[in-house]
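Peer 1: The structure that follows is given in the form of structure tokens.
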Amino acid sequence: MIEIAGEIYNWNDPLILLIGGGVAVVLGFFLLILRALGQSAKATEPLMREMGWLGQRVQHLSEGQERLAGGLHHVSETQTHSQTAMLQMMEKRLTEVQRGMTESLHGTSTRTARSLGELQQRLETIDKAQANIEKLSGNVLGLQDILSNKQTRGAFGEIQLNDIVRKALPADAYSMQATLSNGKRADCLIHLPNPPGPIVIDSKFPLEAYEALRRAQTPAEQLDAARQMRVSVKAHIKAISEKYILDGETADGALMFLPSEAVYAELHANFPELVRDGFDAKVWIVSPTTCMATLNTMRAVLKDARMREQAGAIRATLRLLHRDVELVVNRVDKLNTHFNQTRADLDGISTAAERAGKRAAKLDNFDFEELSPDPIPGPDLIGNQQTE
Numbered sequence: 013m014i015e016i017a018g019e020i021y022n023w024n025d026p027l028i029l030l031i032g033g034g035v036a037v038v039l040g041f042f043l044l045i046l047r048a049l050g051q052s053a054k055a056t057e058p059l060m061r062e063m064g065w066l067g068q069r070v071q072h073l074s075e076g077q078e079r080l081a082g083g084l085h086h087v088s089e090t091q092t093h094s095q096t097a098m099l100q101m102m103e104k105r106l107t108e109v110q111r112g113m114t115e116s117l118h119g120t121s122t123r124t125a126r127s128l129g130e131l132q133q134r135l136e137t138i139d140k141a142q143a144n145i146e147k148l149s150g151n152v153l154g155l156q157d158i159l160s161n162k163q164t165r166g167a168f169g170e171i172q173l174n175d176i177v178r179k180a181l182p183a184d185a186y187s188m189q190a191t192l193s194n195g196k197r198a199d200c201l202i203h204l205p206n207p208p209g210p211i212v213i214d215s216k217f218p219l220e221a222y223e224a225l226r227r228a229q230t231p232a233e234q235l236d237a238a239r240q241m242r243v244s245v246k247a248h249i250k251a252i253s254e255k256y257i258l259d260g261e262t263a264d265g266a267l268m269f270l271p272s273e274a275v276y277a278e279l280h281a282n283f284p285e286l287v288r289d290g291f292d293a294k295v296w297i298v299s300p301t302t303c304m305a306t307l308n309t310m311r312a313v314l315k316d317a318r319m320r321e322q323a324g325a326i327r328a329t330l331r332l333l334h335r336d337v338e339l340v341v342n343r344v345d346k347l348n349t350h351f352n353q354t355r356a357d358l359d360g361i362s363t364a365a366e367r368a369g370k371r372a373a374k375l376d377n378f379d380f381e382e383l384s385p386d387p388i389p390g391p392d393l394i395g396n397q398q399t400e
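Using this note's numbering, read the sequence shown as starting at 13 and increasing by one per residue.
Here's what the structure looks like:
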């Protein structure tokens, strides 16, 4: 019999048998489990050992990770500090570079502005020079137009000659467009004394042959132009010699004025025979420069001639000046006599004043209380005092 939950059951009761069978099954199952656990424990011992070793490795790895984390933190802090210092240094360098660039840009802008100003001034100067060149080119073209016409070329030479003569000689020493006894009109007549006498200057030089010589390009053209040059210059020398050299009226020579130094140099360099022909005909070729030198020589001759003409008047003036000097000397002698008399009078006055001073000093030293009163001086006493 067995009591379960307040009730009594027999051992052969089906419930008890069922419970017993269940308990037996449970116990069997538990034993199987215990057996399996024993076998599993034996089987897991190596695994547990491996797990322990792995735990140690994991611990070591954890410690290494911690150290690595500390190192990384230190490296991070160091890197952060380095980056901060680098940034500060970069900012400082950038500031210095920016300041330097600002100063450099300011200086560059100042120099650029100054250079632009100077460039503007030079451009203005160049513009003015270009305007002057254009004006000069126009004047050159006008001069070419003048020289291309015989009449205007002659007028140009006359004006240039007139300007040179007016600067070199006084107004009464020359005459422009003077008419000679043969009816020929000279461009300029210099009134030189005899000898050599008045001399004529002609300014009408033929420039056509010279211009053709300058334009010639081929040897044939140059030869033809040179031939024309010789013919025209010889004809002009002959015309001057025949028209402006007159016996008893003008000098035995004349001047041929060339208004161009280039023509004068061309004649002396490449046509010396023409210069010799001029010497033979007593026609001397002059340029503006040599004409000025010749006129200065003529001015010296005129000055010397006028000095000789005025020699008599100079002598008369010197005689009058000598007489005036003698009168002055006489007046000075008389004035010296008056000065001597005045000096003697002043010496007498000085002597009388000195004597009067001495008498006054004597009177000042008298003691009037001890002396008896003097009688009133009479006429004799007064006369004696005056004599003293």
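Ideal Cβ placement from N, Cα and C applies to all residues, glycine included. Since the structure is predicted, the reported quantities are computational estimates derived from the model, not experimental observations.
Whole-angstrom Cβ separation of aspartate 264 and lysine 294, contact assumed at under 8 Å?
Peer 2: Position 252 of the sequence shown, counting from 1, holds the residue named residue 264. Position 282 of the sequence shown, counting from 1, holds the residue named residue 294. Yes, they are in contact, since the Cβ atoms of aspartate 264 and lysine 294 sit about 6 Å apart, within 8 Å.
Peer 1: Which full runs of the alpha helix (DSSP H) of 4+ residues lie inside the region 266-311, going along the chain?
Peer 2: Counting only runs of 4 or more, we get 273-282, 284-292.
Peer 1: What residues in its chain sit with their C-beta under 7 Å from that of alanine 237, if we drop five residues either side in the sequence?
Peer 2: Against the sequence shown, residue 237 aligns to sequence position 225. Excluding positions up to five away in sequence, the list reads Ala221, Ala224, Leu225, Ala228.
Peer 1: Give me the residue from Leu128, Gln234, Glu146, Pro271 with the minimum Cα distance to glutamate 170.
Peer 2: Walking along the sequence shown from the start, residue 170 turns up at place 158. Glutamate 170 has its Cα closest to that of Pro271, out of Leu128, Gln234, Glu146, Pro271.
Peer 1: State the Cα-Cα distance for the pair lysine 198 and isoleucine 213, rounded to the nearest angstrom.
Peer 2: To locate residue 198, count along the sequence shown from 1; it is residue 186. To locate residue 213, count along the sequence shown from 1; it is residue 201. For the sequence presented, residue 198 should be read as alanine rather than lysine. Whole-angstrom Cα-Cα distance: 7 Å.
Peer 1: Going straight from the alpha carbon of serine 362 to that of alanine 368, what length do you get?
Peer 2: In the sequence shown, the residue the question calls residue 362 occupies position 350. In the sequence shown, the residue the question calls residue 368 occupies position 356. Near 10 Å, if we compare the C-alpha coordinates of alanine 368 and serine 362.
Peer 1: Quick check on DSSP: helix, strand or coil for threonine 107?
Peer 2: Position 95 of the sequence shown, counted from the start, is the residue given in the question as residue 107. Threonine 107 falls in the helix class under three-state DSSP.
Peer 1: Buried or exposed: threonine 354, going by 16 or more other Cβ atoms within 10 Å of its Cβ?
Peer 2: Here residue 354 refers to the residue found at position 342 when the sequence shown is read from its first residue. Answer is exposed; the Cβ neighbour count stays below 16.
Peer 1: In the DSSP assignment, the alpha helix (DSSP H) including leucine 235 goes from what residue to what residue?
Peer 2: Translated into positions along the sequence shown, residue 235 becomes position 223. 231-256 is the span of the alpha helix (DSSP H), which, as asked, contains leucine 235.
Peer 1: Name the two residues that bound the continuous beta strand (DSSP E) containing alanine 198.
Peer 2: Counting from 1 along the sequence shown, the entry for residue 198 is found at position 186. That run of the beta strand (DSSP E) goes 197-202.
Peer 1: Any Cβ of chain C within less than 7 Å of the Cβ of arginine 123?
Peer 2: Of the protein chains in this structure there is only one, and it is not chain C.
Peer 1: For phenylalanine 217, does the count of other Cβ atoms within 10 angstroms reach 16, so buried, or fall short, so exposed?
Peer 2: As a first step, residue 217 must be located in the sequence shown, where it is residue number 205. Buried, since its Cβ has 16 or more Cβ neighbours within 10 Å.
Peer 1: In three-state terms, what does DSSP make of aspartate 214?
Peer 2: Taking the first residue of the sequence shown as 1, we reach residue 214 at position 202. Strand, per DSSP.
Peer 1: How many Å lie between alanine 247 and serine 215 at the Cα?
Peer 2: Position 235 of the sequence shown, counting from 1, holds the residue named residue 247. Position 203 of the sequence shown, counting from 1, holds the residue named residue 215. So the two alpha carbons sit approximately 15 Å from each other.
Peer 1: On the three-state DSSP scale, how would you describe glutamine 322?
Peer 2: Counting from 1 along the sequence shown, the entry for residue 322 is found at position 310. Residue state, collapsed to three classes: coil.
Peer 1: Going straight from the alpha carbon of glutamine 68 to that of alanine 81, what length do you get?
Peer 2: Position 56 of the sequence shown holds residue 68. Position 69 of the sequence shown holds residue 81. Their backbone Cα atoms lie some 19 Å apart in a straight line.
Peer 1: Should methionine 310 go down as buried or exposed, given a rule of 16 or more other Cβ atoms within 10 Å for buried?
Peer 2: Counting from 1 along the sequence shown, the entry for residue 310 is found at position 298. It is buried - the Cβ of methionine 310 has at least 16 other Cβ atoms within 10 Å.
Peer 1: Taking contact to mean 3 or more Cβ pairs, one atom from each stretch, closer than 8 Å, check whether the region 177-186 and the region 271-280 are in contact.
Peer 2: Cβ pair count under 8 Å is below three, so no.
Peer 1: Specify the secondary structure class of threonine 191 as computed by DSSP and reduced to three states.
Peer 2: The residue you call residue 191 lines up with position 179 of the sequence shown. If DSSP states are grouped into helix, strand and coil, threonine 191 belongs with the strands.
Peer 1: Roughly how many angstroms lie between the CA atoms of glycine 129 and aspartate 139, to the nearest whole one?
Peer 2: To locate residue 129, count along the sequence shown from 1; it is residue 117. To locate residue 139, count along the sequence shown from 1; it is residue 127. Taking the straight line joining both Cα atoms gives about 15 Å.
Peer 1: Just to confirm the assignment, what range does the alpha helix (DSSP H) spanning glutamate 223 have?
Peer 2: Residue 223 sits at position 211 when you count from the first residue of the sequence shown. Per DSSP, glutamate 223 belongs to the alpha helix (DSSP H) from 220-227.
Peer 1: Taking only the alpha-carbon atoms, compute the straight-line gap between leucine 106 and threonine 137 and give it to the nearest angstrom.
Peer 2: Within the sequence shown, residue 106 is the residue found at index 94, counting from 1. Within the sequence shown, residue 137 is the residue found at index 125, counting from 1. For leucine 106 and threonine 137, the distance between alpha carbons rounds to 45 Å.
Peer 1: Near valine 340, which residues of its chain fall below 7 Å by C-beta distance, leaving aside the five closest residues on each side in sequence?
Peer 2: Here residue 340 is taken as the residue at index 328 of the sequence shown, counted from 1. Same-chain partners within the cutoff: there are none.
Peer 1: Taking the C-alpha atoms as reference points, what is the distance between serine 88 and threonine 114?
Peer 2: Within the sequence shown, residue 88 is the residue found at index 76, counting from 1. Within the sequence shown, residue 114 is the residue found at index 102, counting from 1. Each residue's Cα considered, the two are about 37 Å apart.
Peer 1: Look at the alpha carbon of asparagine 174 and the alpha carbon of proline 207, and state the distance between them as a whole number of angstroms.
Peer 2: Counting from 1 along the sequence shown, the entry for residue 174 is found at position 162. Counting from 1 along the sequence shown, the entry for residue 207 is found at position 195. Spanning the two alpha carbons is a distance of roughly 24 Å.
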